[in-house]
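Residue numbers (my numbering), protein chains in the order written: chain A, 13 to 471; chain B, 13 to 471; chain C, 13 to 471; chain D, 13 to 471. What follows is a short report on a single structure.
Number of protein chains: 4
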Amino acid sequence: MHHLGRRSSDAIPEVRIGYIGGGSQGWAHTLINDLAQCTDIAGTVALYDVDYEAARKNAELGTQVTDRADADGDWTFDAVRDLSAALSGADIVICSIQDPPAETFVHDIDLPKQYGIHQPVADTVGPGGILRSMRAIPQYREIAATIREQCPDAWVLNYTNPMTVCTRTLYEEFPEIKAIGLCHEVFQTQELFAELAATHLDGVDAVDPDEVHVTVKGINHFTWVDEARWRGRDLYRFLDAELAARTPLADFDPGSMADASYWTNNYRVAFDLYDRFGCFPAAGDRHLVEFVPWYLELDDPDELHRWGIRLTPSEARLPADGPTPTERYLSGAETFELTESGEEAVDIIRALLGLEPLETHLNYPNRGQVANLPDGAVVETNALLTGDAVTPLTAGSLPRSLRSLVLAHVHNQETLVEAGFDGDLDRAFRVFLSDPLVTLEREAAESLFSELVEREREF
Amino acid sequence: MHHLGRRSSDAIPEVRIGYIGGGSQGWAHTLINDLAQCTDIAGTVALYDVDYEAARKNAELGTQVTDRADADGDWTFDAVRDLSAALSGADIVICSIQDPPAETFVHDIDLPKQYGIHQPVADTVGPGGILRSMRAIPQYREIAATIREQCPDAWVLNYTNPMTVCTRTLYEEFPEIKAIGLCHEVFQTQELFAELAATHLDGVDAVDPDEVHVTVKGINHFTWVDEARWRGRDLYRFLDAELAARTPLADFDPGSMADASYWTNNYRVAFDLYDRFGCFPAAGDRHLVEFVPWYLELDDPDELHRWGIRLTPSEARLPADGPTPTERYLSGAETFELTESGEEAVDIIRALLGLEPLETHLNYPNRGQVANLPDGAVVETNALLTGDAVTPLTAGSLPRSLRSLVLAHVHNQETLVEAGFDGDLDRAFRVFLSDPLVTLEREAAESLFSELVEREREF
Amino acid sequence: MHHLGRRSSDAIPEVRIGYIGGGSQGWAHTLINDLAQCTDIAGTVALYDVDYEAARKNAELGTQVTDRADADGDWTFDAVRDLSAALSGADIVICSIQDPPAETFVHDIDLPKQYGIHQPVADTVGPGGILRSMRAIPQYREIAATIREQCPDAWVLNYTNPMTVCTRTLYEEFPEIKAIGLCHEVFQTQELFAELAATHLDGVDAVDPDEVHVTVKGINHFTWVDEARWRGRDLYRFLDAELAARTPLADFDPGSMADASYWTNNYRVAFDLYDRFGCFPAAGDRHLVEFVPWYLELDDPDELHRWGIRLTPSEARLPADGPTPTERYLSGAETFELTESGEEAVDIIRALLGLEPLETHLNYPNRGQVANLPDGAVVETNALLTGDAVTPLTAGSLPRSLRSLVLAHVHNQETLVEAGFDGDLDRAFRVFLSDPLVTLEREAAESLFSELVEREREF
Amino acid sequence: MHHLGRRSSDAIPEVRIGYIGGGSQGWAHTLINDLAQCTDIAGTVALYDVDYEAARKNAELGTQVTDRADADGDWTFDAVRDLSAALSGADIVICSIQDPPAETFVHDIDLPKQYGIHQPVADTVGPGGILRSMRAIPQYREIAATIREQCPDAWVLNYTNPMTVCTRTLYEEFPEIKAIGLCHEVFQTQELFAELAATHLDGVDAVDPDEVHVTVKGINHFTWVDEARWRGRDLYRFLDAELAARTPLADFDPGSMADASYWTNNYRVAFDLYDRFGCFPAAGDRHLVEFVPWYLELDDPDELHRWGIRLTPSEARLPADGPTPTERYLSGAETFELTESGEEAVDIIRALLGLEPLETHLNYPNRGQVANLPDGAVVETNALLTGDAVTPLTAGSLPRSLRSLVLAHVHNQETLVEAGFDGDLDRAFRVFLSDPLVTLEREAAESLFSELVEREREF
Ligand SMILES: [Mg+2]
Ligand SMILES: [Mg+2]
Ligand SMILES: [Mg+2]
Ligand SMILES: [Mg+2]
């Protein structure tokens, strides 16, 4: 027996966090917010970013916030000028980086569009995901090599996409690394089941999504749920009634999503896939449509609205003009309010330090958690996090028909990583050709791929 | 050591052949032709057909031909009125049946066409293949059950499509059956390599395709070759030059195939798939295009001509009016000439009787011949045929990316057989939904499937 | 994210526990003790035993204890006369049964001894384990069938040996059963590592074994540990020093264990196996020696003492004469003291009711938790227990050389279950022949097996 | 279809054979004999041996024999002084080498005997087999490296033991090598079945063992047969009657084999194993007893006689004093008679040159031929040999219980090869400890292993 209760530690552990991508305008603020309210650990955050100035301003913001009266945490924020310095002696490494959107996302999305290939997200699979993978592999090799040298025992929390390829690259370069890949998509699915619980369970008005347990298995952005429970009660059985109630699924009007948020999700694609496979996909519809051949053959991009989602144009990826959020906080133009962020990074760090065990879904090399996916491939399932340990929970096998579909992407991702390590563009192109979104004939596919690679080379 | 040479038998073996579908106007004539010239075995052929009259006329023809002076074989042909009588005491069972084309093929092809789904063959996968499978499963269960009862030790040669599903059904119903599934498609690939040999090998003018050895692995009509040799010389290495010479592959004019034979094959799709996967597909292009999502999204059916093939309209499946070939032979309107048919059924029978060993490709439950396809699924590989024994030859593994693609069809076929045994239309519909040719949305797919099943029920 | 913290329930759950083997003189008392102190659940315990009188007296004892002032729990104890009544409507089923020792254990141990086969425990493998399995399979089929009928949704906690075979039988008979097999052996290993922590970690005087986390993988009584941690600190690395310190391992004097407890364990065999395989076995030495061919070839039984263990003679399995413990408690001859039992059954029940999550090791059908053991075989690993859910934790693969050894027993156990369901004594005898303790020649083995089966039949 | 008939070649192929171990006094003579009678190929044999003088004399003998009137073959024999020269430009490489018996076999057998470990052969498993493997791995690495350099396209026929380890080493060092391992043991099994055919089939007096087809699967010297046919008739079914007739199996008198040939084989162990596993082992009893724990626990070595075999003392491995057979042939003291050797090497060469296809059993990396043994391990099964191609025939799976036993040796052999490549004596010692013949306790085992390694080092 092993107790899973919260441990009251004698002393507050001191940790050193190395943050790669620390100049960010979103995730960095959440971390500052959460650490400011975390009192059972303390320490230092070293912010590193290719844009040193942005990291420096976030460090300044972190210091300001921590010094405030309403902040109980005891943290120091430093900006550093190189990767090694950021990772030197780190206990925890956070990776959350993004390529310059103007130079990458725009091409990842806009060039394929000229060939009739529409991608709502373009960060995992499809032409955009493949190009992004090819860019990420050398970056992540360097990160893994630096970790091996500076902090081989650190826990690495990766938030960067393409999640599977980045995490796989870390392990390929440094097999002893202790890395996990984290993504929010499954939380949406917990929310859906929380709603189903409130609707269908007698005498239950509202359910905290964090209390909903879902069994997850698959790969990031294409992972699947075949069990959902709340307080020991089965919620999964309500899906069929819900499917019936939402049918016909694709009944939004073309054009109706024109002003919707790019992140709007109505679970319509998810229910359609549930109907096909008997398993519920745990990712937003905008991700799901990129993994299968059935939704993105669009004559007019607005047709996608029928499923309650819209394409995200490349312009939407560009930062707004004017001062950044950090700059606005620092200048006082905006007030940095401490909130309950809902982000679990600090809880994960606390679990790994042995303070409070946690079960969550994450991306990790397969060692049995999905019994019929290949060993070593990075899969997304639940795991138990305890003191210095991440242990995936078994999720069983994917249903046969679904397995072929997922396996095709696993093989593509594994091949991309191999191609990236070998610098083999031909193999990468073969992956490109077998992506479900690439329905072009060979010559057109070759021309698109070459153009994408060409643009790439410019950076 | 086990000698593989021809054995001169002391006595001519007497065999009893039960032929299901014995009223046919093609295959039956070939068998009559080949037996008439086969002198080292002798015996009886019991012809059974749902159309008894057709079987009876073929028996009459068989008797006439055997009695001719130029026929050396010693065979008796009888038409029988029921399946059990045909199989009673059989040493060899031949299955080569076809549903009434007017009532089936027409719907299999024409209904999907109304939904924009074009199928050149419609006998294996796609809407037509799935419906045909659903019809075949109960028929083949009955055949297997009758074999178990009447001739459990007989060798069963199946020529009927859908090959994989029919053969798999035989084994599912009667696991001890000794059945093999036979198809001609790979012969074309041997012909292609024979041409390559003549073109590329110095001092070689012509090569007998039967002398070309190809290593085959996959499933019927979607099987793959990764080795080709002639007299110990590698022919596979010539593919790249040939690919380059034929590029661009899809350069036939739309419309240019309007008068071509429905069976025309220019290997253009085959080379395109070779280019994608590094493995050469051993089936005609008209079959290949049905297994992948890349060729049949046609606005105008003539676009398919670009690949050097054409759609086979349902009318082409209907028998011509007027007297049948058998009737014309019997009436003397046409002369039945003894030819070298090239068909290998009689050679296979001779091999199984221990007369002369044979290596050929065939369809058989997997027990390692394709190492990374599921055990028990019916796969197509080479096998060695000796006295009362069929032993598949190991073909190794399919390349990873190809494996996912083949596996998806294997899973579909396995699921169809399960659905057929359980009478579960919902599971069959799920297979329908995941077929690469079915790119319809759920509602449309459901409506097409229902219509197809409805028509089915009428028969 | 899914919180693992303790849930304060609004109401105290009412549960019904069906206890098969409820007349026991050990385990039943522990349960009475633990429930008497459990205040966050309440309910009824239905005690069933083939010896009804014993169950009735335990019910009387349970009622007495619960009514005492120092007992806070709210429980009702009833003895019932048949299995169906015990299980009717149960939420929890506990199985802890034992064959009449006089009629079984004696023969299981004494007959093989006449053939030179010594077994310290004889409850899992070896001649005794095999015979016990053959007796258990029909009993457990009946239990599973009754559960299917009376309480299909109940959680079943099995404590009976042979653990693997009993648990496997439950699933074979009723695949939807929710059963887990529980055994204490791994706790000893936690104790060993707790000692190592106290010895080797600076500034640590004593460590609670319950706080030691060990990663478990294998089969019951032959399971293995390859990670041990306490508060995030690696303890496994201390094994090598400990091995060196204890070498030579087999250095106890023959005869020196003559008066030792039968359960004495000095981990000498465990360290010897650790030395061979690099993995530490998590079971007492008396169990371990029965699984491998290296320790029990004894000319004189006292030779076994060299390893710090002794054989348990069959007499030791017989109950003492005179009043039973229950009778002594009821008569007042002995006082039933409430203690901290260390037994985890009540914690498991509380976890399954959703009150407090628990991680423990248990026996469960493999679905990936040990990646290189067969799917569906019952394996022993860690699992997470939450509201109405048991989720095995992935333990990775066994090292290659160890895997063959474990696999041989897995195959034997699977074959025994099949033989038991088919009533096939020949297959059971083949298992007998391939057991590592059966080094007899065929004729002798056959004669021993027949004698054992013969005795069996008498009961 | 691919014809398997004999091909009449236009021209006689010229081949170059490099023979490593060409100074042998047995195998070299057989090759000279067989080539002298082989008229459809011709060429050169380069004999290489660490004992150059012996090779030179064999070359002289080869030339003499070929020049004789009764020899039709056209061959040149040359002795060469180094390995590279022997292999330069070779089409065929033959490896049949032996360590100096006086310096190796003696210790391999005699040292373990002092510890009570008896080995009849000591060339594959057991202490002798393990030591021999450790010696062979560096030798075979060098051979493979020289082949890669001098004749990468040659076919390599290995006859040296330990067969599995030698062949596996060739592939580990040079994965593209075209090597097969050849052993005679299975021929004995064909002889047994030929006798059974003559005994049990009506009207059959004698059967040519070469006409008996057996399906082989396992590893060298521990391979298994589950099908036997002659002219399409099942022979396997006669085993049960034969087993009954031979029971009790171990009924020879101790001492009765004192003067028997060391190679005497009465199939008694084979039938005992058949009785245990339902599969018939295809190797001589003297090999079989070394793979399992049941036969070699001997107080007195003569006890082994009961099984109809005897131990081969190390002296028996030493060459007789006086002139060697080659010397006797050259001096005319003995006449070299051309015989029908029964050896198949020349038939194999002819098959690989495309002259006449052959089916035989051989050792080859697993790629599906034994479905439930690990991929890449060297296994023994049937294969089809055609022009420049070796294709293993599928043999299906080993029965579960047998598989564990075989797998343990496969894992040991794989680990030995890894240990050999890494120069890791500790891993080799672990293999030693888990060998079934090593029932010593750790300290004794360590001391024996050290002594063996020490002696080794002296050479
Ligand atoms: Mg994400
Ligand atoms: Mg066909
Ligand atoms: Mg136990
Ligand atoms: Mg041999």
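All residues carry an ideal CB built from backbone N, CA and C; glycine is no exception.
What does residue i reach in chain D if we use C-beta pairs closer than 7 Å?
i              : result
E453 (chain C) : A262
H423 (chain C) : R412, S413 and S416
When the cut-off is 8 Å and only beta carbons count, does residue i lie next to chain A?
i              : result
D387 (chain C) : yes
P546 (chain C) : In the structure displayed, chain C extends from 13 to 471; residue 546 (chain C) sits before or after that span and is not available.
G399 (chain C) : yes
Is the beta carbon of residue j closer than 8 Å to that of residue i?
i              : j              : result
I109 (chain D) : I32 (chain D)  : yes
Y60 (chain A)  : G101 (chain A) : no
L460 (chain A) : L449 (chain A) : no
Q200 (chain B) : G296 (chain B) : yes
F264 (chain C) : G320 (chain C) : yes
H41 (chain B)  : R412 (chain A) : no
G230 (chain B) : V92 (chain B)  : no
A157 (chain B) : E185 (chain B) : yes
Would a check of beta-carbon distances place residue i closer than 8 Å to chain B?
i              : result
T3 (chain D)   : Residue 3 (chain D) lies beyond the stretch modelled for chain D, which goes from 13 to 471, so this question has no answer here.
V288 (chain A) : The sequence shown places Arg at residue 288 (chain A), not Val. Chain B contact via Cβ: present.
G241 (chain D) : A quick correction: the sequence has Arg, not Gly, at residue 241 (chain D). Closer than 8 Å: yes.
Measure from the C-beta of residue i to each C-beta in chain C and report whether the shortest distance is under 8 Å.
i              : result
R249 (chain D) : no
G101 (chain A) : no
P377 (chain A) : no
S145 (chain D) : no
Chain C partners of residue i, CB-CB under 7 Å?
i              : result
D222 (chain D) : Going along chain C, no residue has its Cβ under 7 Å from D222 (chain D), so there is no contact; the nearest lies around 33 Å.
Residues of chain B with CB under 8 Å from residue i, in chain order?
i              : result
Q381 (chain D) : G380 and T406
If we cut at 8 Å on Cβ distances, does residue i have a partner in chain D?
i             : result
L43 (chain B) : no
Give me the chain A residues within the contact set of residue i, using Cβ-Cβ distance strictly less than 9 Å, ordered along the chain.
i              : result
L365 (chain C) : G244
- Message: Just to confirm the assignment: which complete alpha helix (DSSP H) runs, minimum length 4, are found wholly within the stretch 405-449 of chain B?
- Response: 412-434 and 437-446
- With a floor of 3 residues, list each beta strand (DSSP E) that falls wholly inside the stretch 320-390 of chain A, ordered by position along the chain. 370-377
- Members of the stretch 298-330 of chain C near chain D, C-beta cut-off 8 Å: P305, W306 and E309
- What are the uninterrupted segments assigned as alpha helix (DSSP H) that are 4 or more residues long and contained completely in the stretch 129-207 of chain B, given in chain order? For the stretch 129-207 of chain B, the continuous alpha helix (DSSP H) assignments of 4+ residues that do not extend past its boundaries occur at 138-162 and 175-185, in sequence order.
- Item | Entirely enclosed alpha helix (DSSP H) segments - the stretch 17-65 of chain D, minimum 4 residues | 39-48
- Please name the residues in the stretch 339-360 of chain A whose beta-carbon is closer than 7 Å to at least one beta-carbon of chain B, in chain order. Taking 7 Å as the Cβ-Cβ cut-off against chain B, none of the residues of the stretch 339-360 of chain A qualify.
- Got a sec: which bits of the stretch 48-68 of chain A sit with their beta carbon under 8 Å from any beta carbon on chain C, in order along the chain? none
- In the stretch 419-445 of chain A, which residues sit with their C-beta less than 9 Å from some C-beta in chain B, listed in chain order? From the stretch 419-445 of chain A, only L419, A420, H421, V422, H423, N424, E426, T427, R442, V443 and L445 have a Cβ closer than 9 Å to chain B.
- If you measure beta-carbon to beta-carbon, which residues of the stretch 261-284 of chain B are closer than 9 Å to chain A? L261, A262 and D284
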